[in-house]
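For our numbering, count along the sequence shown from 1 and bump the result up by 651.
Heads up, the beta-carbon is just placed ideally off N, CA and C, and yes, glycines get one too.
Here is the structure we will look at.
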Amino acid sequence: MPIIFGWGKKKIEELGEINARKCGRCGNEKPWRIIKVTIWFTLFFIPVFPYKTHYLLSCPICGDALEMEKQAYKDMVSDFESKSQK
Ligand SMILES: [Zn+2]
Numbered sequence: 652m653p654i655i656f657g658w659g660k661k662k663i664e665e666l667g668e669i670n671a672r673k674c675g676r677c678g679n680e681k682p683w684r685i686i687k688v689t690i691w692f693t694l695f696f697i698p699v700f701p702y703k704t705h706y707l708l709s710c711p712i713c714g715d716a717l718e719m720e721k722q723a724y725k726d727m728v729s730d731f732e733s734k735s736q737k
């Protein structure tokens, strides 16, 4: 029986929205979405461990995305959480 593995499994979590910013692609000024994409190493189609994580800001209109540093993402999420608690 062959061992089947891959990197195919993607988990996309949407964590909220940031303040409106103008999109360089579609020109709309909307709150961008904060997205975390985790790519899993899979064995026999079962996710085994997270292989790579991308932190993105995505335009809600055209879907254009900017990748952020992990730290910038963390700052943004903690800022977002502190705001939503008030
Ligand atoms: Zn856009």
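Item	Value
Other residues of its chain near K721: CB distance less than 7 Å, five sequence neighbours each side excluded	Y706
Contained alpha helix (DSSP H) runs [length at least 4] in the region 663-717, N- to C-terminal order	none
L708, buried or exposed, once every other Cβ within 10 Å from all chains shown has been counted against 16	buried
Between the CA atoms of F695 and A716 - distance to the nearest angstrom	31 Å
CA-to-CA distance, I690 to A723, given in whole angstroms	20 Å
Proximal residues to K662 (C-beta, below 6 Å), its chain only, five neighbours per side dropped	T689
Three-way DSSP call (helix, strand, coil) for M610 in this model	The structure shown does not extend to residue 610, since the chain is modelled only from 652 to 737, so the question has no answer here.
Nearest-angstrom beta carbon gap, R676 and C713 [assumed within contact, 8 Å]	5 Å
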